[in-house]
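Be aware that the sequence shown starts at 103, since it is given in my numbering, and climbs by one per residue.
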Amino acid sequence: MKKFCYGLLLFTIACYFLFFHLGSYGLLETTDARYAEIAWEMVKTHDFFIPHLNFIKHFHKPPFTYWVTALGYKILGENEWGARFFLGVFGLFTIIIVFLLARICFDEKVGTFSSLILISMLGFFAVTHVVSTDLYLLFFITLAMYCFLRWERFGHSLLWGWAVLGVSALVKGPVGPILVGVTCLLYLALTRQLQRLRNAQIGKGIILFCLIALPWYGWVCVHHKGLITYFVKAQFFSRIGSEGMGHPHPWYYYFPLLPALTFPWTFYLLPSFIQAIYNLNKEKFFFLLWAIVPFILFSLMKTKLPFYILPCLPPLAILGGKWWSEVFSNPSNSSKIILIFMIIICFILTLGALVMALSLYRGTGNVIEWQQLKSLWWGEVFVLGGITILFLIAKYLKHHSLHFIAVLALSNAFFHPLLWYGDKLPINTYKSLGKVIYCLAKPADIIVQYKIYLRSLPFYVKRPTVLVDIPRETQFEDNENYKKLLIDHQTFWQWWEENRRIFCLISKKHLCEFIGKKYFVVGQRRKYVVITNKPLAMKEVNGFSWAGCQTLFTPGFYLKPGGI
């Protein structure tokens, strides 16, 4: 009964971190919006084999993320909740696998600590709230490691691991199999267990892997000439080589980033990492290797993005969980000093982050009212006050578990405001602009993005948008229909003078190009403005549903003339 209650508590905490206000904010540009939009287009076109972005073929990633997101739309509707629902589900699955991994190698107490550490890390929190391939890849890598350890420790069949790697190839190509393969082979080699590969069912495993991973690749490559070269050269080797696929960064890029991704546990993971090296055993060595291999491999690649090194987080969380467990079991004066010192640092950092956030909000009063922030401020005062009391009780009782709870509360205090206020925060989402256009535009009107490209706009306006002077990869299109969605600025100006109404999303810096032209401002958010070439009749404006837009727009703001 006691174990059941602890398990239920852990499950509740996990669901709180993963699902609380998951759909409270609009799609974030560009990653969150891109994957959500492609999945939405799959639902609209009923084409679940060929990904489309703004209804133009888009083969940057395999389809698993789109399939799962599309399933979320079917369950919860075509909205942010539907787009992100399976992020919470797979995040929960990842937490469970981490618990099982720690229990296999250590014990249930380590598993509990490890799960709580991972779920409250900034990097894990972020990836479970942004639609992308990274969380799903993280889950399958973690699950594959679990299958490997069950084979290595208990002799269980490795075919499940091969199957998991096959699915991971549908998430992000060869990344998952490479990371898992390199880590496991190095572990077997360095622990002198390479002879065990004879029992790894390699032949059957490769066949199973191919049966799962290759059908989709084979089908799209057969139907699109040159796609194999595109996958291998443009999508794989260009990320490794000098081009950097648009995201080149120096080799040391991840050194300051990894501590940020592990916040607020950063200062605890360092001693746990050092202790794992100092008191090295077979189990700790596996998790050390698992944390180091992705870090090194992605540091060697030219293309670097923050979420690439997320596979480092589960093993670091497990090492941290082991360290906490040992500290609780064998408290010493030195460990007490280290704990108190690091808790003070975490407290100061989190308090500083809250003060900065409050200052930022107050400086953008047009986005969120200062009166609304008073409740946030007092809420955080109570949270931080409660944490301070925990410190005092912990010092009095000399009970280290309260330190752990305090840092967990710090994590909640840091993340909670971000979800509570959703779109009211100055985040990179333009749901309000899309909603305005959707409610005001008629079927015959044209929706244009002028020299910018917000991936979420088609999702919110429920139709394709025309892009002006925006390059797209069109070599795999089998007809000329895409040309209607990609025009140059000369064609745009011809359309602007015609009788059809155009709703144009434009950056403020490009408004100077409309000098001498007649336009009407419809709405704005941050650096983007929606304008139209034809005035809106008052009955159109009065018939607009203002629900959800009061913080950004008022009826008097509409029909504001510009130009001339």
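We put the beta carbon where it would ideally sit given N, CA and C, even for glycine.
All values reported here derive from a predicted model rather than from experimental measurement.
Anticipated Cβ contact below 8 Å, residue i with residue j, distance rounded
i: Tyr552; j: Gly536; result: About 15 Å; that fails the 8 Å criterion.
i: His160; j: His154; result: 6 Å
i: Ser693; j: Arg627; result: Here the chain has residues from 103 to 666 only, and residue 693 is not among them.
i: Ile539; j: Ile549; result: 6 Å
i: Tyr584; j: Ser558; result: Incorrect: roughly 20 Å between the Cβ atoms, too far for contact.
i: His326; j: Phe578; result: 5 Å
i: Ser673; j: Phe119; result: For the chain, the structure presents residues 103 to 666; residue 673 sits outside this window and is missing.
i: Lys406; j: His351; result: 4 Å
i: Val273; j: Met247; result: The Cβ separation is near 15 Å, so there is no contact.
i: Thr285; j: Trp392; result: 5 Å
DSSP three-state assignment for residue i, whether helix, strand or coil
i: His154; result: strand
i: Val273; result: helix
i: Tyr355; result: coil
i: Arg627; result: strand
i: Gly467; result: Residue confidence is low: Gly467 scores 41 on pLDDT, short of 50, so the model does not pin down where it sits. Its coordinate-derived value is still stated next. Gly467: coil per DSSP, three-state reduction.
i: Ser609; result: strand
i: Lys159; result: strand
i: Ser477; result: Confidence at Ser477 is low in this model, with a pLDDT of 47, below 50, so the placement of that residue is unreliable and no value is reported for it.
i: Thr96; result: The structure shown does not extend to residue 96, since the chain spans only 103 to 666, so no value can be given for it.
i: Gly109; result: helix
i: Val563; result: helix
i: Gln303; result: coil
i: Ala138; result: helix
i: Tyr127; result: coil
i: Leu569; result: strand
i: Leu462; result: With a pLDDT of 48 at Leu462, under the threshold of 50, the modelled position of that residue is not reliable, and the figure given next carries that caveat. Leu462 falls in the helix class under three-state DSSP.
i: Phe122; result: coil
i: Lys596; result: At residue 596 the sequence reads Gln, which differs from the Lys that was named. It is helical.
i: Pro396; result: helix
i: Phe208; result: coil
i: Leu542; result: helix
i: Gln577; result: coil
i: Tyr584; result: helix
i: Tyr532; result: coil
i: Val233; result: coil
i: Thr196; result: helix
i: Pro350; result: strand
i: Leu499; result: Summary for Leu499: the model assigns pLDDT 40, below 50, so the residue's position carries little reliability, and this model does not support an answer.
8 Å Cβ cutoff met for residue i and residue j
i: Leu267; j: Gly257; result: no
i: Leu220; j: Leu390; result: no
i: Phe121; j: Gly184; result: no
i: Val624; j: Leu556; result: no
i: Leu310; j: Leu261; result: yes
i: Val631; j: Lys610; result: yes
i: Gly307; j: Trp253; result: no
i: Pro164; j: Gly275; result: yes
i: Tyr238; j: Phe192; result: yes
i: Val324; j: Ile152; result: no
i: Val568; j: Ser427; result: no
i: Ile158; j: Arg574; result: yes
i: Asn381; j: Glu131; result: no
i: Trp367; j: Gly422; result: yes
Minimum C-alpha distance to residue i - residue among the options
i: Ala138; options: Phe121, Asn156, Phe122 and Trp264; result: Asn156
i: Thr634; options: Leu613, Ile411, Ile604 and His612; result: Ile604
i: Ile394; options: Lys406, Phe375 and Leu407; result: Phe375
i: Lys619; options: Arg557, Tyr289 and Trp595; result: Trp595
i: Tyr621; options: Cys286, Pro637 and Lys610; result: Pro637
i: Pro358; options: Gly423, Arg252 and Ile411; result: Ile411
i: Leu588; options: Glu599, Trp598, Asp580 and Thr576; result: Thr576
i: Trp169; options: Thr235, Ser222, Lys306 and Gln592; result: Thr235
i: Ala195; options: Lys211, Ala116 and Val269; result: For the sequence presented, residue 195 should be read as Phe rather than Ala. Closest by alpha carbon: Ala116.
i: Val145; options: Lys564, Glu582 and Gly109; result: Lys564
i: Thr593; options: Pro352, Thr405, Thr293 and Asp571; result: Asp571
i: Pro413; options: Tyr332, Pro396 and Lys424; result: Pro396
i: Trp353; options: Trp392, Leu399 and Ala362; result: Leu399
i: Phe215; options: Asp590, Cys249, Ala302 and Leu418; result: Leu418
i: Lys404; options: Phe338, Pro366 and Asn383; result: Phe338
i: Gly109; options: Lys424, Arg186, Met247 and Leu218; result: Leu218
i: Ile199; options: His162, Phe242 and Lys211; result: Phe242
i: Ala172; options: Trp142, Phe250, Thr132 and Leu111; result: Trp142
i: Leu402; options: Leu111, Phe616, Ser340 and Gly320; result: Ser340
i: Lys629; options: Phe616, Ile608 and Ile617; result: Ile608
i: Phe201; options: Phe333, Gln297, Arg298 and Ile420; result: Ile420
When the Cβ atoms of the region 175 to 193 are set against those of the region 204 to 216, are three or more pairs found closer than 8 Å? Three or more Cβ pairs closer than 8 Å define a contact, and the region 175 to 193 falls short of that threshold against the region 204 to 216.
Is there contact between the region 226 to 237 and the region 126 to 138, where contact requires at least three CB pairs shorter than 8 Å? yes
Does the count of Cβ pairs from the region 375 to 388 and the region 277 to 293 closer than 8 Å reach three? yes
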